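Chemist:
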Amino acid sequence: MLTQLTIENIAVIERADVSFSSGMTVLTGETGAGKSILIDSIHAVLGGRVSRDLVRTGAKSACVTAVFQNVPETLCADLEEWGVPVQEDQLILQREIRVEGKTLCRVNNRPVTVSVLAAVGARMLTIHGQHESYELLDKEQHRVYVDAQGQLDGLVAEYRQVYAQLRAAQKNMDALLTNEEEKTRRADLLTYEIEELEKGAITPGEQEKLQQQRILFRNGEKTATQFLRCRKALQGGDEPGAVDLLQQAADAAEEAAQYLPQAQKWAEQLRGAYYDVQSLADEEARFAGFLDFDPEERERVEARLDELYRLGLKYGRTEEEMLRYLENAKKELHAIEHADEELAKWQQVFETQKAKAIELARELSHRRRDAARELTRRVAEELAFLAMPDVCFQVEQVRCPLNENGCDRIQFLISTNPGEDPKPLSKIASGGELSRIMLALKTVLARHDPVDTMIFDEVDAGISGQAARKVGQKLRQLSRDVQVLCVTHTAQIAAMADSQLLIQKEVKDGKTYTHVQPLNREGRIDQIARMISGGELTPLMRQNAAEMLEKDNDTP
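Reading the sequence shown from the start, the letters are residues 101 to 656 in my numbering.
1. Could you give the uninterrupted runs of the beta strand (DSSP E) lying entirely in the region 355-424, keeping only those of 3 residues or more?
2. Less than 8 Å between the C-beta atoms of residue 236 and residue 512, yes or no?
3. So, with DSSP's three-state summary, where would you put residue 519?
4. Given a cut-off of 8 Å on the beta-carbon distance, is the pair residue 584 and residue 575 in contact?
5. Tell me which residues share the same chain as residue 212 and place their Cβ nearer than 6 Å to its Cβ, disregarding the 5 neighbours each side in the sequence.
6. Measure the alpha-carbon distance for residue 411 versus residue 282 and round it to whole angstroms.
7. Assuming the contact rule is C-beta atoms closer than 8 Å, residue 199 and residue 152 should be a hit. Round their C-beta distance to whole Å, please.
8. So, do the region 257-274 and the region 562-579 have three or more beta carbon pairs nearer to each other than 8 Å?
9. Are three or more beta carbon pairs between the region 253-260 and the region 490-503 nearer than 8 Å?
10. With distances taken between CB atoms, is the gap from residue 142 to residue 227 smaller than 8 Å?
11. Quick one: residues in its chain with C-beta nearer than 6 Å to the C-beta of residue 145, no 5 flanking neighbours on either side, listed in chain order?
12. Could you tell me which residues DSSP puts in a beta bridge with residue 167?
13. Nearest to residue 497 by CA position, among 518, 439, 407 and 473, is which residue?
14. Taking only runs that begin and end inside the region 419-489, name each unbroken alpha helix (DSSP H) of 4 or more residues, in chain order.
15. What residues match up with residue 335 in a beta bridge as DSSP calls it?
16. Using three-state DSSP, classify residue 343 as helix, strand or coil.
17. May I ask which residues mark the beginning and end of the beta strand (DSSP E) holding residue 553?
18. Under 8 Å: do the region 600-614 and the region 121-131 share three or more Cβ pairs, one atom per stretch?
19. Closest by CA to residue 304, which one among 417, 364 and 589?
20. If you follow the beta strand (DSSP E) that residue 657 is part of, which residue opens it and which one closes it?
21. Can you tell me which of 208, 223 and 155 puts its alpha carbon nearest to the alpha carbon of residue 174?
22. Confirm, please, whether the CB-CB distance from residue 601 to residue 618 is below 8 Å.
23. Hey, quick one: how far does the beta strand (DSSP E) through residue 605 stretch, first residue to last?
24. Buried or exposed, going by whether 16 or more other CB atoms sit within 10 Å of the CB of residue 109?
25. Mind checking which residues open and close the beta strand (DSSP E) that includes residue 612?
26. On the DSSP letters alone, give me the boundaries of the alpha helix (DSSP H) that residue 272 sits inside.
27. With a threshold of 6 Å on Cβ separation, who are the neighbours of residue 366 within its own chain once the five nearest residues in sequence on each side are excluded?
28. If we call anything under 8 Å between Cβ atoms a contact, is residue 370 one with residue 334?
29. Going by beta carbon distance, what residues of the same chain come within less than 7 Å of residue 155, once the five residues before and after it are set aside?
30. Should the region 307-319 be regarded as contacting the region 393-409, the criterion being three or more beta carbon pairs within less than 8 Å?
31. Just how far apart, CA to CA, sit residue 540 and residue 481?
32. Does the beta-carbon of residue 289 have 16 or more other beta-carbons within 10 angstroms, so that it is buried, or is it exposed?
33. I'd like the list of long-range same chain contacts for residue 483, defined as Cβ closer than 8 Å, with 5 residues on each side in sequence excluded.
34. Return the chain-ordered list of same chain residues with a C-beta closer than 6 Å to the C-beta of residue 187, the five sequence neighbours on each side being excluded.
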């Protein structure tokens, strides 16, 4: 459950440290005080999409930190897999939003990606806002709710895997069944490309070697001149070169060694130098033979480089890319030439996967029918409790062609008056009715939801009086199983809570500040009295508020 929320520099909230307890907590305050900012902050720390506009004017960054307790064991295992340290019965989520738009996410002080933050947050808390009530108008969501009631996620995933394989087989069959004229045209092009590449006789590293030769050819005269200088210095010309001089020096040192033993060492060193230089001279002489440039060889190198350049423009810059293109072209040509065999193979795959998909879709449809029946019964009970006894709620399940969700089209129908035929929600339900239907669904599906904290953002929209009191009772009942946080403008719901937070806004020195204040019993009486009267605080209103608190706190 959520135990602590710290908000820094989010919109008009400079800093707020909010503590939460178990049970039901309501967030109240005047319109525009900042209740939605609190919800936006929680949405941000759960990995939701954020904007740099959230950062308070004048601040360089904003930060939201949420502390949870009672971390599920399955989540602890995933945290270890993600490289996040597991703290004893505590989970800390943090998100920093910088004014330039960059965000930094942390779980237990370890940097993580936004996707990991969102995956962790979704396991700890869910937010149910007014927009979710309007999701009820989306028929796709109706199937999601039925699947949740039947706990069909595993079966749906299995079906979708088979259906994806079915679609892949169909796609491959369609590709193989292209018209014969197009296949012939493609085969001719591939044949030409293969012949051109094979004729090119491409080998890895050839271009680099040829380019080195080209450089040598283009600088041949300069290179030859320098080699001639080197040869004269080593071999000599009109005068002795280094080789002859070293040999003479070594001979002289050996003669001197007959009379001066120390000279023997010089003789050996000079003789070694002689052999080294002689070896260099021999190598230079061999290499110098390559400098006798053949104009035809130069033309051959240029022609080959030009050929490789033209092939590279069509098939890839490097020899490796061109050879890869050749290999793929051969495979594609082989597939075209053996299309009948490939088609037969994919037809077999298609029929196999189609049979599996139909079998799974039928099982899914059967289990959805059972789930829809149970969902209808339980939602009807909840709606009756929520002061909607005359509403008839039905789940319509119609067979449709196979698609990624099975073979069912599911839609919620209601009639709000006795004797009327049920019709789609979008044609009948008002905003207040949608809110209560959504609450009924959430109550029914809560036992399948692994999260310990639920936030309801203005679930009382469009209702008042006895209906609002019933909604409050249902939220209070739900809070006995999970932690419930509720943003409300309705006194009847506020009175049902175990604790209450007041969101207030003030302007100081030309700046707007929002504060979050926990209320004691007297503070709750004052606030609920203002909610009843529309702002006026009188002894009578306080008495009414106190009676509401007294009465509703006795409600189980």
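Built from N, CA and C at the ideal position, the CB exists for glycine as well. No experiment lies behind these values; they were computed from the predicted model shown.
Modeler: Reading from the atomic positions:
1. none
2. Residue numbering aside, residue 236 sits at position 136 when the sequence shown is read from its first letter. Residue numbering aside, residue 512 sits at position 412 when the sequence shown is read from its first letter. Yes, the pair counts as a contact, with Cβ atoms nearer than the cut-off.
3. Reading the sequence shown from its first residue, position 419 is the one you call residue 519. Correct three-state label for residue 519: coil.
4. The residue you call residue 584 lines up with position 484 of the sequence shown. The residue you call residue 575 lines up with position 475 of the sequence shown. For residue 584 and residue 575, yes; Cβs fall inside 8 Å.
5. Position 112 of the sequence shown, counting from 1, holds the residue named residue 212. Hits under 6 Å: 205.
6. Your numbering for residue 411 matches position 311 in the sequence shown. Your numbering for residue 282 matches position 182 in the sequence shown. So the alpha carbons of these two residues sit roughly 25 Å apart.
7. As a working note, residue 199 is residue 99 in the sequence shown. As a working note, residue 152 is residue 52 in the sequence shown. At roughly 6 Å, the Cβ-Cβ gap stays under 8 Å, so residue 199 and residue 152 are in contact.
8. no
9. no
10. Numbered from its first residue, the sequence shown carries residue 142 at position 42. Numbered from its first residue, the sequence shown carries residue 227 at position 127. Going by C-beta atoms, residue 142 is nearer than 8 Å to residue 227.
11. Within the sequence shown, residue 145 is the residue found at index 45, counting from 1. Within the same chain, residue 145 has close Cβ partners 164, 166, 193 and 195.
12. The count along the sequence shown starts at 1 and reaches residue 167 at position 67. Partner(s): 104 and 192.
13. In the sequence shown, residue 497 corresponds to position 397, counting from 1. Considering only alpha carbons, the answer is 473.
14. 419-437 and 439-485
15. Residue mapping note: residue 335 aligns to position 235 of the sequence shown, counting from 1. DSSP, once it has assigned bridges, lists no residue as partnering residue 335.
16. Numbered from 1 along the sequence shown, position 243 holds the residue referred to as residue 343. Helix, per DSSP.
17. Position 453 of the sequence shown, counted from the start, is the residue given in the question as residue 553. From DSSP, the beta strand (DSSP E) with residue 553 extends over 553-557.
18. yes
19. As a first step, residue 304 is located in the sequence shown; it is residue number 204 there, counting from the start. Measuring from the Cα of residue 304, the nearest candidate turns out to be 417.
20. With the chain represented from 101 up to 656, any question about residue 657 goes unanswered, as that position is not in the structure.
21. Working through the sequence shown from its first residue, we reach residue 174 at position 74. Residue 174 has its Cα closest to that of 223, out of 208, 223 and 155.
22. Working through the sequence shown from its first residue, we reach residue 618 at position 518. Working through the sequence shown from its first residue, we reach residue 601 at position 501. Yes. Within cutoff.
23. For the purposes of this step, residue 605 is identified with residue 505 of the sequence shown, where counting begins at 1. Taken as a continuous stretch (DSSP letters only), the beta strand (DSSP E) holding residue 605 covers 599-608.
24. Counting from one through the sequence shown, the residue named residue 109 turns up at place 9. Answer is buried; the Cβ neighbour count reaches 16.
25. To locate residue 612, count along the sequence shown from 1; it is residue 512. Here the beta strand (DSSP E) through residue 612 covers 611-618.
26. Position 172 of the sequence shown holds residue 272. Per DSSP, residue 272 belongs to the alpha helix (DSSP H) from 253-276.
27. On the sequence shown, position 266 is the one that residue 366 refers to. Excluding sequence neighbours, residue 366 sits near 353.
28. The residue given as residue 370 occupies position 270 in the sequence shown. The residue given as residue 334 occupies position 234 in the sequence shown. No.
29. Counting from one through the sequence shown, the residue named residue 155 turns up at place 55. Excluding positions up to five away in sequence, the list reads 109, 161, 162, 197 and 199.
30. yes
31. The residue labelled residue 540 in the question sits at position 440 within the sequence shown. The residue labelled residue 481 in the question sits at position 381 within the sequence shown. Cα to Cα, the separation comes out at about 9 Å.
32. Locating residue 289 in the sequence shown gives position 189, counting from the first residue. With fewer than 16 Cβ atoms within 10 Å of its Cβ, residue 289 is classed as exposed.
33. By 1-based counting over the sequence shown, the position of residue 483 is 383. Here the set comprises 489, 491, 493, 536, 537 and 540.
34. Position 87 of the sequence shown, counted from the start, is the residue given in the question as residue 187. Hits under 6 Å: 208.
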